[in-house]
Amino acid sequence: MAERLLRTLFPRGAVVPMTAAAIWWLASSTGLLSGPIAVSPLQVIQTPFLDASGRELWAALLASMMRVFAGGLLGGVAGLILGYVAGMYRAAGLGLSPTIHTVRQVALLAWIPLLTAWFGNGEGTKLVFTALSTFFPLFLATEQGIRQVPKPLVEVAQTLALRPTTRILRLYLPAALPNICVGLQIAALSAWIGTIGAEYAIGNGRGLGSYVASARDQFRMDIVIVGVFALAAGGVLLAAAIRLASLKLSPWNREI
Amino acid sequence: MATFGAEDEFSVAQAAPNVRFAKVKSLVGAGLLVLGLPLALLTLWWAASINGLVSPQVLPQPDWVVHTFLDLLASGDILTAAAVSFRRIADGFLIGATLGFFFGLLIGKSTTADAYLGPTFRALAAVPSLGWLPILILLLGIEESLKIVILAKACFVPMAISTAEGARNIPAGLTEVAQVLGLRKRTRFLKLTIPAMAPFIASGVRLSLSQAFISLIVVEMLAGTDGLGYMMVWGRTLFQLDIVIVGMIVVGVVGFVLDILLKRAESLIIKGSGDG
Amino acid sequence: MMNALSIEHVSKSYVLEGASRPVLKDVNFQVRHNEIVAIVGASGCGKSTLLRLIVGLDDVYRGSIIRGGPDGSASAKVGMVFQDHRLYPWLTVEGNIDLAFDNTNLSASARRQRVRYYLELVGLGDYARAYPRQLSGGMAQRAAIARALAQEPDILLMDEPFGALDSILRMRLQDELLSIWERNRVSIVIVTHDVEEALYLADRVLVMEPNPGRIRDVFEVGLPRPRDRGGFGLSDLKKRCLSTLV
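Protein chains in written order, with the working numbering: chain A, 7 to 262; chain B, 153 to 428; chain C, 1443 to 1688.
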């Protein structure tokens, strides 16, 4: 009976983190820790609410999310359209695809020095960078999705003499949707980490990345931990949200 | 059976050269399309930089970039940076992948271990290298140890996940045979477990090396003093965009070659393990 | 135009490894209005290729294919039912049938009415909102037939439409096809490897042979409908048919 109670209160998965937290708390309160890591778990939890610098978390999160949304939309739509064209028309595919795939080989962060030289250290660079991080996954996913539309269904469209708009809306896009949704998940995560990475690298302005960067410069480990936690949590929530949206968009795949 | 009439023979003789010509024509056409966009961009780049429309600090001339590349190559800068970077990846991979392998084996084979360790692992894995960076910088500074730890983590996660997947997916039928035959533990490990897991391990190696390369760039750019990633930051600080562009191309090429080699190796191992 | 469909001297060959392989050689036949013509033959005799040429999925051939409308016009609407139902998985049964009206100027309510009509015609009235994955094989194929009929084609082509179904279901769908045809007159060209099916459904049966694909023989069935599957007339014809095939 007692074991059952213990099991529900402390599920096995929570044992390790709770033990670690307890050890941390003990170490910090007995003064075992010194230097930058001399923060206690309670302090970390309070920071985003009570600490003056810590409280900037919320504005920073908002700023980052807006950037992700704006830049992500820009790059995502571009990737969708170009991916559609490249997947549908062989000539366009040959003209666009190899070049885009080659440019894609360059690790994303490597673009930052070039972009800051072109667009400065402000909003421009961050937005372009976010757009880039969503462009490639969506281009790839859409191109693949369109290419993989089953030929038999295309033949039906031909025998029914469907209009071009109907073909796009009722055949090609729905058929490519599973691929596009996977691409969306990758793009969303890429945009989230990318934006914050850009903010961190550039260091100024408002955003989660600069929030963490200044905390690091001031040796505020508690704020850094808060920021990193927000980074991870934000990514998980974003991925889950996109997954949910994907399921909603494809009701025909669900078990009824 | 089919018997060709006289007119059919005529069309046979006609068909062959037409087919070959059509193939060549379509190949040339395809080649032109593929090169179209890059050549157009290159021309634009050349025109804009030569006319002084944009300052050379923003857009260096293409031929300067080539010169810089050759210079850096000759002076050994690129090779040194590459050597440093690859050494780091190797060190990080050795530590991270090995630990990841054993950890993955543990949580793959034991559901109890998975119940206790799994959720924590997955939560920590959700933190990207970028997230670990500031924490570790405060703890370790920007010494070599920082980079090795980040790379080790980057290799640890995919390796653990793939190994766990492999451990969970050893065909139950083969395990039963091992039981019936009364195989010794050692034989079972060498002749059943490892071969059955080979494709997953290969996949894990590929994923961890790919991740490692990306994390390498991240850490060298944001907390680096040398290496391929640092080369671009260095060029940017000097406002020498030709160095930056050379760096980007080198990073792109290395990434591409790495990807191809890894995919080739992985498919070889998968084929060799006789999946069927 | 006397005939709904007129195939004259149609030949097709494709090039493989530099040599020309004939697929169809000098195919000639006509299909009258509201006639059911069946094409039987072994695999490789080009019967599916012929259908694809008629519906326009393929337009490389020699000879002429004239599709005549009932009012004497030279261009008729051709609909097609494939062996796999090819319903769009993300559209309901209703949505799939509605595709047939894409090129018309009907109002939304008129479309809805017609979709309902064709749904009832194939007996799927209760399944309007169902998705294809919720339908059985026979139901899905019926939906595909409804979609093709909704186009109101002058010629309906069917490429082994019941081939993927079991024999009992097949017989039931054959009867349903006939009753639909009685209510909704249209010329049908049905390709099948099942000689009994051909003789049960068609007014005329064309027997094709492969290498190269050409018409070997034509049988006038001439029996009134409904036909007795086990009857003497059919079995006699079947014997003669099979003897030309083998």
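Yeah, the Cβ is synthetic: ideal placement off N, Cα and C, and Gly gets one too.
Taking 8 Å as the CB threshold, Ile289 (chain B) lines the interface with chain A. With respect to the 8 Å criterion, Thr140 (chain A) and Ala197 (chain A) are classified as neighbours on the basis of their beta carbons.
For Pro184 (chain A), there is no enclosing beta strand (DSSP E); the residue is part of the alpha helix (DSSP H) that begins and ends at 179 to 208. DSSP places Arg340 (chain B) in the helix class (H, G or I) of the three-state scheme.
Runs of the beta strand (DSSP E) lying entirely within the region 1642 to 1679 of chain C and spanning at least 3 residues, in chain order: 1646 to 1651, 1656 to 1662. Between the region 70 to 87 of chain A and the region 369 to 385 of chain B, the count of C-beta pairs closer than 8 Å stays below three; the two stretches do not touch. Note on Gln1593 (chain C): 16 or more other CB atoms within 10 angstroms of its CB, so buried under the neighbour-count rule. Not a single CB atom of chain A sits nearer than 8 Å to the CB of Trp1623 (chain C). Collapsing the DSSP output to three states places Leu1466 (chain C) in a strand. Close CB contacts of Gln150 (chain A) within its chain, under the 6 Å cut and outside five residues either way in sequence, are with Asn185 (chain order). Annotation: Cβ neighbours of Pro158 (chain A) in chain C (cutoff 9 Å, chain order): Phe1524, Asp1526, Arg1528.
Between Leu225 (chain B) and Leu258 (chain B), the alpha-carbon positions lie close to 45 Å from each other. Tyr1573 (chain C) sits close to Trp258 (chain A), with the two beta carbons spaced by under 8 Å. Around the beta-carbon of Phe16 (chain A), fewer than 16 other beta-carbon atoms lie within 10 Å, marking it exposed. Between the beta-carbon of Leu168 (chain A) and that of Leu1591 (chain C) there is about 17 Å, and that puts the pair past the 8 Å contact cut. Looking at the backbone, the Cα of Val155 (chain A) and that of Ile51 (chain A) are separated by about 50 Å. Within the region 169 to 190 of chain B, the residues whose Cβ lies closer than 7 Å to some Cβ of chain A are Ala182, Leu185, Val186, Gly188, Leu189, Pro190, listed in chain order.
According to the DSSP assignment, His1451 (chain C) belongs to the beta strand (DSSP E) that extends over 1445 to 1458. One alpha carbon belongs to Gly209 (chain A), the other to Trp284 (chain B), and they sit about 17 Å apart. Close partners of Ala238 (chain A) in chain C (Cβ separation under 7 Å) are lacking, with about 35 Å as the shortest Cβ gap. Nearest CB-CB separation between Pro170 (chain A) and chain C: not below the 8 Å threshold. Here Thr1534 (chain C) carries a coil assignment [DSSP, helix/strand/coil]. Interface flag for Leu175 (chain A) against chain C is unset, since no Cβ pair is found closer than 8 Å. Beta-carbon to beta-carbon, Asp243 (chain B) and Ile313 (chain B) are separated by about 21 Å, too far to satisfy the 8 Å threshold.
Interface flag for Ala278 (chain B) against chain A is set, since a Cβ pair is found closer than 8 Å. Within chain C, the C-beta atoms nearer than 9 Å to that of Pro180 (chain A) come from Tyr1530, Pro1531, Trp1532, Leu1533, in chain order. When the Cα atoms are used, Ala350 (chain B) and Pro280 (chain B) turn out to be separated by approximately 27 Å. A residue is called buried once 16 or more other Cβ atoms fall within 10 Å of its Cβ, and Ser1490 (chain C) is buried on that count.
Counting C-beta pairs with one atom in each stretch, the region 171 to 187 of chain B and the region 99 to 110 of chain A have three or more that are closer than 8 Å, which means they touch. Val22 (chain A) and Gly404 (chain B) have their alpha carbons spaced roughly 40 Å apart.
Less than 8 Å divides the Cβ of Phe1604 (chain C) from the Cβ of Leu1615 (chain C). At the C-beta level, Phe1661 (chain C) and Leu1679 (chain C) come within 8 Å of one another. One thing to note: Pro1595 (chain C) has its Cβ no nearer than 8 Å to the Cβ of Gly1498 (chain C). Taken in chain order, the members of the region 381 to 413 of chain B whose beta-carbon sits within less than 8 Å of a beta-carbon on chain A are Gly381, Met384, Val385, Gly387, Arg388, Phe391, Leu393, Val396, Ile397, Gly399, Met400, Ile401, Val403, Gly404, Val405, Gly407, Phe408, Asp411. Considered as a whole, the region 273 to 359 of chain B harbours 281 to 292, 296 to 320, 324 to 333, 337 to 340 as its complete alpha helix (DSSP H) runs of no fewer than 4 residues, in chain order.
When 9 Å is used as the limit between beta carbons, Gly1521 (chain C) is near these residues of chain A: Thr165, Leu166, in chain order.
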